[in-house]
Every structure is written in structure tokens, then in C-alpha cells.
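The number in the working numbering is simply the position in the sequence shown, starting from 1, with 9 added.
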Amino acid sequence: MMKRVTMLMIILISALAKPARAEQNFVEQFLSRYRPANVNLPASPAVLGGQDLADLIRSGQIQLSVGDVINLMLQNNLDVGVNRLTPRSSEYLVETLYLPFEPTLHLQATVTRNTSPATSQLTGAPALSTLGGAYAVGFSQTLATGTNVGVDFVVNRNSSNSAFNTFNPSWIGTLRYSFNQHLLRDFGRANNTRQIRIAQNNQKISETQFERQLTDLVAQGQRTYWDLVFTADDVKVKQRSMDLAQKTLSDNRIQVDIGTMAPIDLVQAESEVANRKEQLVVSTYTQAQTEDQVKKLISARGDPGLVLAKLNPTQGVRKPDPSDVLPVEQAIKVALENRPEMRQLQLDLENKNIDL
Numbered sequence: 010m011m012k013r014v015t016m017l018m019i020i021l022i023s024a025l026a027k028p029a030r031a032e033q034n035f036v037e038q039f040l041s042r043y044r045p046a047n048v049n050l051p052a053s054p055a056v057l058g059g060q061d062l063a064d065l066i067r068s069g070q071i072q073l074s075v076g077d078v079i080n081l082m083l084q085n086n087l088d089v090g091v092n093r094l095t096p097r098s099s100e101y102l103v104e105t106l107y108l109p110f111e112p113t114l115h116l117q118a119t120v121t122r123n124t125s126p127a128t129s130q131l132t133g134a135p136a137l138s139t140l141g142g143a144y145a146v147g148f149s150q151t152l153a154t155g156t157n158v159g160v161d162f163v164v165n166r167n168s169s170n171s172a173f174n175t176f177n178p179s180w181i182g183t184l185r186y187s188f189n190q191h192l193l194r195d196f197g198r199a200n201n202t203r204q205i206r207i208a209q210n211n212q213k214i215s216e217t218q219f220e221r222q223l224t225d226l227v228a229q230g231q232r233t234y235w236d237l238v239f240t241a242d243d244v245k246v247k248q249r250s251m252d253l254a255q256k257t258l259s260d261n262r263i264q265v266d267i268g269t270m271a272p273i274d275l276v277q278a279e280s281e282v283a284n285r286k287e288q289l290v291v292s293t294y295t296q297a298q299t300e301d302q303v304k305k306l307i308s309a310r311g312d313p314g315l316v317l318a319k320l321n322p323t324q325g326v327r328k329p330d331p332s333d334v335l336p337v338e339q340a341i342k343v344a345l346e347n348r349p350e351m352r353q354l355q356l357d358l359e360n361k362n363i364d365l
């Protein structure tokens, strides 16, 4: 019996040694599945950008381009800082759903000792003492097809001080293979991986939603910047218009003084000057309101220097080239391929098809 157990252990060790020689890091790779993962969260936009608004202030003015507005807006937007973690949490959910399909290695050892006084001469000892041990190692895994496979090797060792034992100690080894396949419930890869595929699509949906949020913010930043450029140019136009009206009024007064124009004609020129002043005030107020909107976008801190600083857009409106305007068919094709909403709707349809 001892020879059989020894031969069985040699065969098992030889069978395990061949794949070990083929892949030296098998144990390391297997155990790495159960070690804590290093969680490296993506850096916040403020850390990645590294652009400070204070560096742009020069003599009470902030020189801004459209790129500066977009970068500062993404760095200081709190929703971006929070929602950037949503795709990562969806990724962790996908990894959690893979856990039932991870292989399992279990080890077990049990040792028992028992000593009892002899009640008969047939016990073979004045006080019968027995020592037993059971050692087991096993491997099991659930496959995506609903198949459960397992291999267990158990060795039992028993020894006693009885004089009647033929083999002392005695060894008994058992090697068990198991293979189970579900035929109705949990049968098939499509059924067992349904939640995983839905979670993967949900992860892509969260990434698409975050992309859509960034796209909307960039578009908002561009519109606000060009509104600022327009209001700045509009103030200059209104100022030149008022200067022209005042010059016209001054010339008319000279003509009245020399008698070449009636005094009643000054009323129209004075009314025009008053109208141009009103337009200049309205345009200046609109510019101040637009500057406040830009300041809210590019900074999340209540900096007194920012409140008093004046924004000076450095990038003017460029005349569009003919190549900037795409044909209608090509514009529609590009929009359908790149719009996040289209990808999100497609992923939602895939999830509904999986649930069917």
C-alpha cells in the first residue's frame, strides 16, 4: 500500500512539474490574482493642466485666448472633477462580475491525536495512542459556459502504538476529478456573461456621457469667449460712433456761430449724441456682464484680484476659409460618427438586445 501511495505522489508531482517548467512564473501569476490591486486614480484636470490664472494677470488685465478659457474652465469645473471617476467605478464593477469565473486553489490540513486506556488485550498496547492527519489540496473553476471543473488530492496518514498494526504509519491517497455541466439554468456562455457584457456597455456609456459633458463645456467656453470678443469690439464701435456724433455736434455749433446753420438744427445733432451715449452705456454694461460670465467659468475661487481684473481677449475672429465649410452630406456623416449621443443610443440598443 505504501508503494502505491508513493508511486501516485511521484506521478502527480511529475505531471505538475511539466507545466511548471514550461512556465516558470505560474505560481506568481496565479497568486497575483488574489493580491490587492494598486488603485491609480486619474489625476484631476487641475493637476494635469498646471495652468494658474494668476500667471495671466498683467497690470490689472488678464490676457486670454480661447484655448486659455477652455483649459481654465476644465481645470476649475467641479462637475468634471467628480464625473471623471464615474467610468473608473464602472470599470471596477466589470472586474467584480468576473470574480465568479476566477480559479480557486484551496489547501487544508487536519491533525488529530487521541490517547485512551486499554480495555482489552486486543488493543495491543497498555494505553492506545493514535495520531491521524488529513492533507488536501484542490483546484476548482467555473467556466463561462456553466461548466464546473475541479481536481482534489487527499492524503490520509494514520499511526498507532498498537502492536497489531501491520503498516504503521499507514498512508492512503485519493485523487478526485469532478466535471459538472448545467443543462438548463446557467447553461451557455451567452447567459452567464450577460451581466458582464451589460456592465461593459454601461462603462462605455459612462465614458460617452463624460465625453458629452466635456464637449458641451468646450462649446460653452467657446461661445462665451466669442461673446466677450464681440462685446469688446462692439464697445469700440460704439465709442467711435459717439466720437463721430460729438464731432458732428461740434462742427454744427461752429456753423451756427458763423451763421451758416440755424440753431434749431443743433437739436438733431444733440439727440444723436445722447442716443450714441446710451448705446455705449448699454454695450459697456453688456461687456461687464460677459466678463463676469467668463470669470465664473475660468475660476472656482473667490479671488479679489480676479474680480477687479479686466479681461482682454487676445484672439480675434478669423475669416473662415472655404475649406472650413464641409458639404452637407459629409457634415452629416461626420456628425453621426462622432456625436456621443449616437454612440450612447447604440450601446443602449445593445443592452436591450442582450436582455431579450
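Backbone N, C-alpha and C define an ideal beta-carbon position, used for all residues, glycine too.
If the five residues before and after Thr293 are omitted, its C-beta is found closer than 7 Å to the C-beta atoms of Val244, all from its own chain and listed in chain order. Non-local C-beta neighbours of Arg206 in its own chain, meaning closer than 6 Å and more than five positions away in sequence, comprise Ile363, ordered along the chain. Contact between Leu289 and Lys247 holds: CB atoms are separated by about 4 Å, below the 8 Å threshold.
Distance from the CA of Leu73 to the CA of Glu350, rounded to the nearest whole angstrom, comes to 31 Å. Taking the CA atoms as reference points, Ala208 sits about 18 Å from Arg93. The beta carbon of Thr202 sits closer than 8 Å to the beta carbons of Ala153 from its chain, once the five residues preceding and following it are set aside; these are given in chain order.
About 5 Å separates the beta carbon of Arg285 from that of Ser250, a gap short enough to meet the 8 Å contact definition. The C-alpha of Ala199 is placed about 15 Å away from the C-alpha of Thr151. By the 16-neighbour rule on beta-carbons within 10 angstroms, Asn85 is buried. Minimum Cα-Cα distance from Pro126 among the listed residues Phe110, Thr139, Ala283, Ala271 corresponds to Thr139.
Here the C-alpha atom of Val343 lies approximately 10 Å from the C-alpha atom of Val337. Taken through DSSP and simplified to helix, strand or coil, Leu152 comes out as coil.
Note that the region 228–242 does not touch the region 259–267; fewer than 3 beta-carbon pairs, one per stretch, sit closer than 8 Å. Take the alpha-carbon of Gln277 and the one of Asn80: they are about 50 Å apart. Counting the other CB atoms within 10 Å of its CB gives Val326 a total below 16, which places it among the exposed residues. Taking 8 Å as the cut-off, the Cβ atoms of Leu237 and Val303 count as close.
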